[in-house]
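A.B. asks: Each position in the sequence shown, counted from 1, maps to that position plus 532 in our numbering.
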Amino acid sequence: MNKRIIPCLDFKDGRVVKGINFVDLKDAGDPVECAAAYVAAGADELVFLDIAATNEGRSTVVEMVRRLALEIPIPFAVGGGIRTVGDIEDILEAGACKVGINSAAVKNPDFIKEASAKFGSERIVVAIDAKKRDDGSGYNVYINGGGKDAGIDAVEWAKKVCELGAGEILLTSIERDGTKAGYDIELNKIIAESVTVPVIASGGAGTLEHFYEALTVGKADAALAASLFHFKELTISDVKEYLKEKNVAVNI
């Protein structure tokens with residue numbers, strides 16, 4: 533399969549936002565307008581994350597998903613505040629191709645199994661927000677928008693979510709998020725080598741080389757980026773042309 537380039541649009545209060553290490557948010561535009569621009573720019577897929585839904589104890593805004601579905605001809609996933617099978621059903625019926633679950637899955641792992649059985653594993657993306665432990669011995673899973681250490685080893689959790697029926701893993705390095713210092717290659721590689729489903733690398737894209745490293749050394753199946761694309765420091769075509777020159781198979 534060709535490697536995928538996926539813009540991520542974090543949204544809050546109906547606007548796309550972007551921060552560093554999950555905080556210091558800046559407005560980056562209207563979700564539908566941003567999405568349409570990314571479709572025209574050659575994005576393979578899109579990911580939309582309602583970053584405030586879980587902490588605010590509410591579901592993702594379904595009406596916005598409907599608006600997006602009317603304008604977006606490529607696959608897109610939606611996450612944030614998805615806690616029940618009913619939430620998933622609402623998002624998929626509104627037009628999303630996949631849903632991303634994170635905190636609810638950690639709190640109730642059987643939720644993954646239930647969701648996969650009802651909707652198919654190809655529609656269930658488990659998002660894993662990970663941070664290296666202080667002693668450097670590995671990575672822990674964080675929930676609630678990266679604000680709470682779940683006390684779970686990231687590699688063991690990745691294996692478990694696959695066993696429960698996850699069809700894809702969206703792997704974010706909290707420490708690299710928004711820093712443009714490069715993806716956490718070590719994290720991506722150990723997770724990718726531990727599971728049999730596609731892994732999307734997230735957190736830290738800053739240069740063309742970073743995408744190449746994540747998709748080759750890091751063994752990711754897709755690379756996700758946000759601020760780099762939002763603020764037009766690089767375009768999707770820049771990334772794909774570079775990867776093609778480096779003999780990485782991408783959709784042009």
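Idealized CB from N, CA, C, for every residue including glycine.
Residue ranges of each alpha helix (DSSP H) run of no fewer than 4 residues wholly in the segment 658 to 722, ordered along the chain?
C.D. replies: DSSP runs (the alpha helix (DSSP H)) wholly in the segment 658 to 722: 686 to 696.
A.B. asks: Quick check on DSSP: helix, strand or coil for residue 563?
C.D. replies: Position 31 of the sequence shown, counted from the first residue, corresponds to residue 563. Correct three-state label for residue 563: helix.
A.B. asks: Have a look at 696, 561, 537 and 533 and flag the residue whose alpha-carbon is nearest the alpha-carbon of residue 545.
C.D. replies: Stepping through the sequence shown from its first residue, residue 545 is reached at position 13. Considering only alpha carbons, the answer is 561.
A.B. asks: Beta-carbon within less than 7 Å of residue 650's beta-carbon, same chain only, minus the 5 sequence neighbours each way: which residues are those?
C.D. replies: As a first step, residue 650 must be located in the sequence shown, where it is residue number 118. The answer, listed in chain order, is 617.
A.B. asks: Should residue 781 be labelled buried (16 or more other beta-carbon atoms within 10 Å of its own) or exposed?
C.D. replies: As a working mapping, residue 781 is identified with position 249 in the sequence shown. Exposed.
A.B. asks: Assuming residue 503 is part of the beta strand (DSSP E), what are its boundary residues?
C.D. replies: Outside the displayed span of the chain (533 to 784) sits residue 503, for which this structure offers no information.
A.B. asks: Can you have a look at residue 605 and say buried or exposed, based on whether 16 or more other CB atoms are within 10 angstroms of its CB?
C.D. replies: Taking the first residue of the sequence shown as position 1, residue 605 is located at position 73. Residue 605 comes out exposed.
A.B. asks: Out of 766, 760, 734 and 769, which has the shortest C-alpha to C-alpha gap to residue 752?
C.D. replies: If you number the sequence shown from 1, residue 752 lands on position 220. Checking every option, the nearest Cα to that of residue 752 belongs to 734.
A.B. asks: Cα-Cα, which of 611, 620 and 675 is closest to residue 638?
C.D. replies: The count along the sequence shown starts at 1 and reaches residue 638 at position 106. Minimum Cα distance to residue 638 is reached at 675.
A.B. asks: Helix, strand or coil for residue 726, going by three-state DSSP, please let me know.
C.D. replies: Here residue 726 corresponds to residue number 194 of the sequence shown, with the count starting at 1. Coil.
A.B. asks: Can you name, in chain order, every residue of its own chain whose Cβ lies under 6 Å from the Cβ of residue 745, other than the five neighbours on each side?
C.D. replies: One-based indexing of the sequence shown puts residue 745 at position 213. Once the five neighbours on either side are set aside, the close Cβ partners of residue 745 are 717.
A.B. asks: With 16 as the cutoff for other CB atoms within 10 Å, does residue 764 come out buried or exposed?
C.D. replies: In the sequence shown, the residue the question calls residue 764 occupies position 232. It counts as exposed.
A.B. asks: So residue 693 and residue 644 are in contact, right, with Cβ under 8 Å, and what is the actual spacing, rounded?
C.D. replies: If you number the sequence shown from 1, residue 693 lands on position 161. If you number the sequence shown from 1, residue 644 lands on position 112. At roughly 6 Å, the Cβ-Cβ gap stays under 8 Å, so residue 693 and residue 644 are in contact.
A.B. asks: Roughly how many angstroms separate the alpha carbons of residue 573 and residue 695, rounded to a whole number?
C.D. replies: Within the sequence shown, numbered from 1, the residue matching residue 573 stands at position 41. Within the sequence shown, numbered from 1, the residue matching residue 695 stands at position 163. Their Cα atoms are separated by approximately 36 Å.
A.B. asks: Report yes if the C-beta distance between residue 711 and residue 661 is below 7 Å; otherwise report no.
C.D. replies: In the sequence shown, counting from the first residue as 1, residue 711 sits at position 179. In the sequence shown, counting from the first residue as 1, residue 661 sits at position 129. No; because the gap between Cβ atoms is not below 7 Å, this pair is not in contact.
A.B. asks: With distance defined between alpha-carbon atoms, name the residue in 611, 687, 541 and 702 nearest to residue 758.
C.D. replies: Translated into the one-based positions of the sequence shown, residue 758 becomes position 226. The shortest C-alpha separation from residue 758 is found at 541.
A.B. asks: If you follow the beta strand (DSSP E) that residue 633 is in, where does it begin and where does it stop?
C.D. replies: Here residue 633 refers to the residue found at position 101 of the sequence shown. Taken as a continuous stretch (DSSP letters only), the beta strand (DSSP E) holding residue 633 covers 630 to 633.
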